[in-house]
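Participant:
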Amino acid sequence: MGVLADVYEMLNTCNKCGGCHTACKTYKLTGSEEMSTRGRIQLIKAVADGKLEPNEEYEDAIMSCLLCGECAVTCPNGVHGNELVMAARRDLKLRKGIKPFAKSFALKTLASPKRLGMGFRLFGGMGKSVLNKIDGLDYFRGIDIKNFPTAKKPFLEQVPEKIKVQNPKHKVGFYVGCFLNHSLDQTAHSVVKVLTKNDCEVIIPKDQVCCGLPQYCYGDYETAKTNARKTIDTFLDKYSDAEVVLTACASCGSMLRHDYLKLFADEPSYLPKVKLFCDKVVEFSEYMAKIGVDQSKLHNSSPLTVTYHDPCHMVRGLKATKQPRELLQMIPRVDYKEMFEANRCCGAAGLIQAFYHEVSTDITDQKTQNIKDTNADLVATSCPACMLRLQGGINKAGQKQKVMHVADVMANAYED
Amino acid sequence: MLSQAVVKRLKEIVGEKNVVTDKVGLLTYGYDGTLLSGEALGVVSPTTTEQVVEIVKLMNEQDIKLVPRGAGTNESGGTIPSEKSVVISFTKMTKIHEIDTENFVAVVEPGVINFDLQVELAKKNFYFPPDPSSFKASTIGGNLGECSGGPKCFKYGVTRDYMLGLEVVLPNGKVIQTGGRNFQSEPGYDLTRIIVGSEGILGLVTKVFVRILPIPRAKKTMLALYDKVEDASQTVADIVAAGIIPTTLELMDNLLINTTEDFTHAGLPRDAGAVLIIEVDGYPEDMDGQVKTIGEIASKIAKEFKVAQTAVEVDQIWTSRRSAFGSVARVRPSYGVNDITVPRSNFPKAIGGVLKVAKDFGVTIGVVAHAGDGNLHPLILFDQRNKEETETVHAAEQALCMMALDLEGTISGEHGIGLVKKKYLDKEFTPAAMEAFRKIKRSFDPSNRFNPGKIIDL
Ligand SMILES: Cc1cc2nc3c(=O)[nH]c(=O)nc-3n(C[C@H](O)[C@H](O)[C@H](O)COP(=O)(O)OP(=O)(O)OC[C@H]3O[C@@H](n4cnc5c(N)ncnc54)[C@H](O)[C@@H]3O)c2cc1C
Ligand code: SF4
Ligand code: SF4
């Protein structure tokens with residue numbers, strides 16, 4: 001019971017007031033108590049108390065959590081439901097390994113760079129063509145397969161390790177992340193473009209690996225640590241001249257900056273190095289807002305209505321909400337419209353979209369409707385997983401909006 | 001355990017995924033806002049009135065009891081499963097059938113969450129006045145089950161005052177409609193008012209006709225800060241004596257100011273002994289006069305009086321107040337909520353009584369009150385794992401109830417009786433009155449099928 005013993009006081013602090021019901025989308029959309037934060041917490045407590053043996057239903061309750069973190073900001077008692085779920089997942093992993101689904105493909109694939117590339121291509125290429133043959137099956141469990149983009153070649157193989165500029169003012173280390181490397185390589189190019197247009201030299205280590213978030217989320221701390229150590233050592237030892245470690249994926253960003261500290265809390269000898277690394281991590285919009293963007297260089301000829309979706313890891317992880325909005329509004333002729341519940345989960349939530357697709361599809365449908373209500377032409381966001389999820393939802397609803405990363409929107413505003 | 005055949009029948013009625021019989025599911029429907037828990041044989045979530053009727057008939061055949069449940073936030077043990085019972089959860093009956101702004105009526109299913117209804121109404125510039133602090137989670141069915149109150153009830157009344165009519169499935173499986181969309185009462189008994197506040201022991205509500213009001217054109221929110229909670233209670237009595245009826249008159253003591261500040265950072269002074277949140281609403285031109293009068297009364301005793309200037313400030317004040325119950329586990333993990341209510345003029349005496357109980361029993365009590373209604377929620381904080389302490393808390397709770405009765409008050413203002421307050425009910429009512437309760441229960445539910453053991457034993 002070790003892991004749960006560590007969080008027992010927090011488990012016991014939940015006084016079942018139900019305040020988190022409104023926060024928890026998996027509850028709101030199902031009306032099922034075991035899919036609520038309060039329900040999950042009481043179940044974890046029952047396991048900790050030895051009153052419940054973890055079984056399949058328990059695993060479902062624990063694995064279906066979006067880890068969106070909304071409950072943590074809503075609870076008047078300061079109980080962090082998402083952290084308790086993380087502890088429960090770790091506990092499950094220690095008891096008997098991870099639930100078969102997670103073990104079988106997704107997590108192992110992410111841990112190995114080679115297999116990951118193949119996985120993305122398989123899913124986007126071959127898998128797509130097979131599934132496409134099945135009439136009407138455009139959406140595999142709510143995921144828009146037909147339009148699932150795959151990079152022809154990983155981004156890391158498309159670019160040199162160093163991209164120089166004429167008068168470098170900054171040196172930026174670019175942590176690309178799995179999605180931008182294998183799927184949305186165009187967005188990675190946009191990031192580089194915006195950085196170089198703003199006098200940043202960009203360093204892109206070729207041997208970077210998955211940040212470890214997916215494994216961490218499912219309780220596999222060992223693999224997560226291996227990846228984290230590799231990432232930290234790569235950037236700090238081999239590329240120490242990079243002033244910052246920049247990522248354009250909010251999820252990676254939150255993992256690199258916050259969760260690495262938690263992950264290595266039990267390794268005091270390595271921890272100072274981790275701290276050094278974490279302090280260097282910056283998300284794309286945060287960084288651009290910080291160094292300042294020369295507005296006079298931004299061009300845009302036709303009026304554009306834009307709205308912004310806050311990824312969970314951006315709003316509650318990195319706590320960055322102003323910067324992307326400010327950057328978008330710097331672009332000429334942009335009419336910015338805020339959507340209802342902009343800061344709520346889009347339903348992607350890592351592997352949830354594949355394994356608990358019924359709820360996640362409902363969550364995405366709500367989001368899609370909120371987007372529609374703004375009459376925006378374009379939805380900007382800061383996380384590739386959200387981008388894919390949102391575009392899928394929008395296409396499925398027969399709507400027209402285009403989803404782009406803030407970096408893409410900005411890159412388009414620079415003349416080549 | 002439910003037999004395979006019964007489970008199969010239930011699944012035929014409501015669909016596979018709306019029946020729960022596994023241990024995990026049962027565990028999560030076994031608790032509510034109290035420290036109690038129980039385990040049902042199953043949980044069934046209907047989506048239509050017809051399904052509810054079928055369930056009632058099947059359970060009658062099988063001699064299984066039904067425990068109705070909304071969001072399970074009640075503070076009286078009202079949804080704790082009894083022996084050999086099935087929980088009937090209304091959280092999947094969430095349709096808002098109609099919002100009729102011409103006739104000031106909305107027709108909703110019982111599982112609609114109070115807040116979700118408010119959001120829809122606000123789009124049409126209307127609202128539903130009963131607003132328990134749990135309104136973001138609690139359902140209309142639960143609100144009427146407990147006859148809930150809220151901050152606005154001083155001026156606007158409680159849930160009962162906004163129920164125009166109900167569709168009810170009776171314990172014999174027959175469906176009746178009480179009242180309707182008309183404001184004038186119907187001929188005959190006022191059955192609506194018998195069902196409202198009956199905590200699910202008389203009938204299952206499947207449709208609700210609620211009265212709605214246009215959002216007032218203007219409102220002002222004020223804060224009065226005091227050194228001592230007794231001082232704040234005096235202002236309450238003074239305002240009432242002056243014949244002024246604010247929309248709300250809410251009190252929080254130092255303990256609650258601090259626990260809610262930890263959460264909201266609204267900027268309430270942590271060293272204040274108590275705060276009164278006072279709100280008035282109406283026509284814009286009436287606001288200044290009312291604020292002035294209240295300010296004059298409060299300033300006689302308060303150490304500070306101020307009017308909230310921005311909407312953000314108002315929001316923060318309300319987030320603080322609404323999270324009061326929720327926030328106390330920051331101090332101790334368990335709490336007992338009391339719900340005593342006294343005539344408004346006795347409010348200062350009741351505050352004195354609470355302080356005395358805290359001292360006599362050596363327990364930590366935080367006070368939050370719908371002060372305008374004379375409704376106090378002394379929250380006794382403790383740790384349920386400590387048996388001895390728990391005993392002391394029970395004794396202190398009893399003393400609080402007795403104190404309220406001595407002041408011509410009641411043991412429960414808005415949280416209901418359920419299991420928790422049952423033992424005090426015959427202290428408040430005469431044997432003849434208790435018998436009248438039982439007779440009403442028997443006439444609706446002769447075989448004691450709905451929510452047995454709540455409020456009264458037969
Ligand atoms: C943090 C917090 C703050 C609170 N603040 C307030 C407050 O300000 N004022 C207040 O009055 N209360 C308050 N409460 C108590 C509680 O929230 C209310 O009693 C609320 O109305 C219960 O709603 P529910 O949906 O959770 O109902 P439940 O707890 O699920 O049920 C309440 C009762 O209604 C019955 N019931 C539910 N649905 C039906 C139906 N369809 N047909 C027949 N019977 C039914 C149940 O059997 C039960 O007896 C608070 C509770 C908490 C935890
Ligand atoms: S997690 Fe917090 S908000 Fe949710 S029921 Fe527990 S105490 Fe209440
Ligand atoms: S993290 Fe999100 S999905 Fe998980 S319990 Fe909290 S609110 Fe619900």
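If you read the protein sequences in the order shown, they are chains G and B.
Going by the UniProt record's numbering, 350 is the number at position 350 of the first sequence; the sequence numbering is gapless.
Going by the UniProt record's numbering, 268 is the number at position 268 of the second sequence; the sequence numbering is gapless.
Built from N, CA and C at the ideal position, the CB exists for glycine as well.
1) Using the DSSP secondary-structure output, state which residues sit across from residue 337 of chain B in a beta bridge.
2) If you measure from the beta carbon of residue 13 of chain G to each beta carbon in chain B, is any gap under 7 Å?
3) If you drop the 5 nearest sequence neighbours on each side, which residues of the same chain put their C-beta closer than 8 Å to that of residue 236 of chain B?
4) Say whether the segment 21-28 of chain B touches the segment 27-35 of chain G, bearing in mind that this needs 3 or more beta-carbon pairs closer than 8 Å, one atom from each stretch.
5) Distance, Cα to Cα, residue 15 of chain G vs residue 313 of chain B?
6) Quick one: does the C-beta of residue 545 of chain B sit closer than 6 Å to a heavy atom of ligand 1?
7) Does the count of Cβ pairs from the segment 161-178 of chain B and the segment 383-395 of chain B closer than 8 Å reach three?
8) Taking C-alpha atoms, which residue in B:452, B:122 and B:232 lies nearest to residue 369 of chain B?
9) Can you check whether the CB of residue 73 of chain B is closer than 7 Å to the CB of residue 148 of chain B?
10) Under 9 Å between beta-carbons, which chain G residues line up against residue 131 of chain B? List them in chain order, please.
11) So what does DSSP say about residue 216 of chain G, is it helix, strand or coil?
12) Name the residues in the segment 305-331 of chain G whose C-beta lies less than 8 Å from a C-beta of chain B; which are they?
13) Should the segment 136-146 of chain B be called in touch with the segment 190-201 of chain B, which here means at least 3 C-beta pairs below 8 Å?
14) Along the alpha helix (DSSP H) that carries residue 245 of chain G, what are the first and last residues, could you check?
15) For residue 330 of chain B, verify whether its CB is less than 6 Å away from any heavy atom of ligand 2.
16) Say whether chain B places a C-beta atom closer than 7 Å to the C-beta of residue 17 of chain G.
17) Check residue 401 of chain G in the structure and name its three-state DSSP category.
18) Examine chain G for any beta-carbon lying closer than 7 Å to the beta-carbon of residue 16 of chain B, and answer yes or no.
19) Considering only the beta carbon of each residue, do residue 411 of chain B and residue 376 of chain B sit closer than 7 Å?
20) Please list, in chain order, the chain B residues whose beta carbon lies closer than 7 Å to that of residue 341 of chain G.
21) For the alpha helix (DSSP H) that contains residue 462 of chain B, what are its first and last residues?
22) Within the segment 190-275 of chain B, note down every full beta strand (DSSP E) run reaching 3 residues or more, in order along the chain.
23) Nearest-angstrom Cα distance between residue 458 of chain B and residue 60 of chain B?
24) Is any beta-carbon of chain B found at less than 7 Å from that of residue 33 of chain G?
25) Shorter than 6 Å, the distance from the beta carbon of residue 75 of chain B to the closest heavy atom of ligand 1, or not?
26) May I ask you to verify whether the segment 298-314 of chain G touches the segment 331-343 of chain G, counting CB pairs closer than 8 Å and requiring at least 3?
27) Any idea what DSSP makes of residue 106 of chain B, helix, strand or coil?
28) When we look at the beta-carbon of residue 279 of chain B and count the other beta-carbons within 10 Å, is it buried (16 or more) or exposed?
29) At which residues does the beta strand (DSSP E) containing residue 202 of chain G begin and terminate?
30) Could you check which residue in B:56, B:2 and B:21 has the C-alpha nearest to that of residue 13 of chain B?
31) Compare the Cα-Cα distances from residue 259 of chain G to each of G:21, G:214 and G:74 and report the closest residue.
32) Check whether the Cβ of residue 49 of chain B lies closer than 7 Å to any Cβ atom in chain D.
33) I think residue 403 of chain G touches residue 394 of chain G, with their Cβ atoms under 8 Å apart; what is that distance to the nearest whole Å?
34) Given residue 305 of chain B, which residues of its chain have a CB within under 8 Å of its CB, disregarding the five upstream and five downstream residues?
35) How big is the Cα-Cα spacing for residue 117 of chain B and residue 96 of chain B?
36) Specify the secondary structure class of residue 208 of chain G as computed by DSSP and reduced to three states.
Facilitator: In terms of the structure at hand:
1) Taking the first residue of the second sequence as position 1, residue 337 of chain B is located at position 337. Its beta-bridge partners are B:379.
2) Position 13 of the first sequence, counted from the start, is the residue given in the question as residue 13 of chain G. Yes, residue 13 of chain G lies at the interface with chain B (some Cβ there is under 7 Å from its Cβ).
3) Taking the second sequence and counting its residues from 1, one reaches residue 236 of chain B at position 236. Hits under 8 Å: 249, 251, 276, 344, 347, 348, 371 and 372.
4) Under the 8 Å Cβ criterion, the segment 21-28 of chain B counts as touching the segment 27-35 of chain G, having at least three qualifying pairs.
5) Within the first sequence, the letter at position 15 stands for residue 15 of chain G. Within the second sequence, the letter at position 313 stands for residue 313 of chain B. Going from the Cα of residue 15 of chain G to the Cα of residue 313 of chain B covers about 27 Å.
6) Residue 545 of chain B falls outside the range modelled here, since chain B spans only 1 to 458, and no answer is possible.
7) no
8) Position 369 of the second sequence, counting from 1, holds the residue named residue 369 of chain B. Ranking B:452, B:122 and B:232 by Cα distance to residue 369 of chain B puts B:232 first.
9) Taking the second sequence and counting its residues from 1, one reaches residue 148 of chain B at position 148. Taking the second sequence and counting its residues from 1, one reaches residue 73 of chain B at position 73. Going by C-beta atoms, residue 148 of chain B is not nearer than 7 Å to residue 73 of chain B.
10) Counted from its first residue, the second sequence places residue 131 of chain B at position 131. Under the 9 Å cutoff, chain G gives no residues; its nearest Cβ is about 14 Å from residue 131 of chain B.
11) By 1-based counting over the first sequence, the position of residue 216 of chain G is 216. If DSSP states are grouped into helix, strand and coil, residue 216 of chain G belongs with the helices.
12) none
13) yes
14) In the first sequence, the residue the question calls residue 245 of chain G occupies position 245. Here residue 245 of chain G belongs to no alpha helix (DSSP H); instead the beta strand (DSSP E) covers 244-247.
15) On the second sequence, position 330 is the one that residue 330 of chain B refers to. Checking the Cβ of residue 330 of chain B against ligand 2 gives no.
16) Here residue 17 of chain G refers to the residue found at position 17 when the first sequence is read from its first residue. Interface residue, yes.
17) Counted from its first residue, the first sequence places residue 401 of chain G at position 401. If DSSP states are grouped into helix, strand and coil, residue 401 of chain G belongs with coil.
18) Against the second sequence, residue 16 of chain B aligns to sequence position 16. For residue 16 of chain B, the answer is no, since every Cβ of chain G falls outside 7 Å of its Cβ.
19) Within the second sequence, the letter at position 411 stands for residue 411 of chain B. Within the second sequence, the letter at position 376 stands for residue 376 of chain B. Here residue 411 of chain B is not near residue 376 of chain B, since their CB atoms are 7 Å or more apart.
20) Within the first sequence, numbered from 1, the residue matching residue 341 of chain G stands at position 341. None at all; the shortest Cβ gap to chain B is about 11 Å.
21) Because residue 462 of chain B is not part of the residues shown, which for chain B are 1 to 458, the question remains open.
22) 204-211, 218-226 and 248-253
23) Looking up residue 458 of chain B in the second sequence gives position 458. Looking up residue 60 of chain B in the second sequence gives position 60. If I take the Cα positions, the gap works out to 18 Å.
24) Position 33 of the first sequence holds residue 33 of chain G. Yes - at least one Cβ of chain B is within 7 Å of the one on residue 33 of chain G.
25) The count along the second sequence starts at 1 and reaches residue 75 of chain B at position 75. Correct: residue 75 of chain B has its Cβ closer than 6 Å to ligand 1.
26) yes
27) Here residue 106 of chain B refers to the residue found at position 106 when the second sequence is read from its first residue. Here residue 106 of chain B sits in strand by DSSP.
28) Locating residue 279 of chain B in the second sequence gives position 279, counting from the first residue. Residue 279 of chain B is buried by the Cβ-count criterion.
29) Taking the first sequence and counting its residues from 1, one reaches residue 202 of chain G at position 202. That run of the beta strand (DSSP E) goes 200-203.
30) Residue numbering aside, residue 13 of chain B sits at position 13 when the second sequence is read from its first letter. Comparing Cα-Cα distances from residue 13 of chain B to each of B:56, B:2 and B:21, the minimum goes to B:56.
31) Counting from 1 along the first sequence, the entry for residue 259 of chain G is found at position 259. Nearest of G:21, G:214 and G:74 to residue 259 of chain G, Cα basis: G:214.
32) Here the protein chains are G and B, and chain D is not one of them.
33) Position 403 of the first sequence, counted from the first residue, corresponds to residue 403 of chain G. Position 394 of the first sequence, counted from the first residue, corresponds to residue 394 of chain G. Right, the Cβ-Cβ distance comes to about 7 Å (below 8 Å), so this counts as a contact.
34) Here residue 305 of chain B refers to the residue found at position 305 of the second sequence. Counting only Cβ-Cβ distances below 8 Å, and skipping sequence neighbours, we find 222, 223, 224, 225, 295, 298 and 299.
35) Reading the second sequence from its first residue, position 117 is the one you call residue 117 of chain B. Reading the second sequence from its first residue, position 96 is the one you call residue 96 of chain B. If I take the Cα positions, the gap works out to 8 Å.
36) Here residue 208 of chain G corresponds to residue number 208 of the first sequence, with the count starting at 1. Coil at residue 208 of chain G, not helix or strand.
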